[in-house]
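*Asks:* Numbering (the numbering used here), first residue to last: 23 to 101.
Idealized CB from N, CA, C, for every residue including glycine.
Let me begin by handing over the structure; questions about it come next.
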């Protein structure tokens with residue numbers, strides 16, 4: 023089994039609608055929990071959710087990609 027939790031780049035009207043909820047949630051979490059130091063390399067997301075789904079379908083047939091709040095997605099694939 024392969025499990026990935028990643029970030030996607032917002033690009034569609036649906037993404038913008040999710041962002042309308044995600045921005046206040048993100049702000050609230052920062053105010054109540056603060057920021058955590060991340061020691062891993064971090065880059066801005068480069069792929070849209072559609073591109074991620076297309077790549078998953080091509081490379082990992084049967085993979086399930088699910089959208090989550092705060093611009094996150096999960097990809098689950100079982101061989």
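Throw me the rounded Cβ distance for the residue 71 and residue 30 pair, which I believe falls under 8 Å.
*Replies:* Between residue 30 and residue 71 the Cβ distance is about 4 Å, and since that is below 8 Å, they are a contact.
*Asks:* Nearest to residue 48 by alpha carbon, out of 66, 93, 100?
*Replies:* Considering only alpha carbons, the answer is 93.
*Asks:* Residue 50: buried (16+ other C-beta within 10 angstroms of its C-beta) or exposed?
*Replies:* So residue 50 ends up on the exposed side.
*Asks:* Go ahead and pull the three-state DSSP assignment for residue 88.
*Replies:* Of the three classes helix, strand and coil, the one that applies to residue 88 here is strand, per DSSP.
*Asks:* Please report how far the alpha carbon of residue 86 lies from the alpha carbon of residue 33, in whole angstroms.
*Replies:* When rounded, the distance between both Cα atoms is 20 Å.
*Asks:* Determine the burial state of residue 79: buried for a count of at least 16 other Cβ atoms within 10 Å of its Cβ, exposed for fewer.
*Replies:* The residue is exposed, with fewer than 16 neighbouring Cβ atoms inside 10 Å.
*Asks:* What would DSSP say about residue 82, mapped onto helix, strand or coil?
*Replies:* It is coil, neither helix nor strand.
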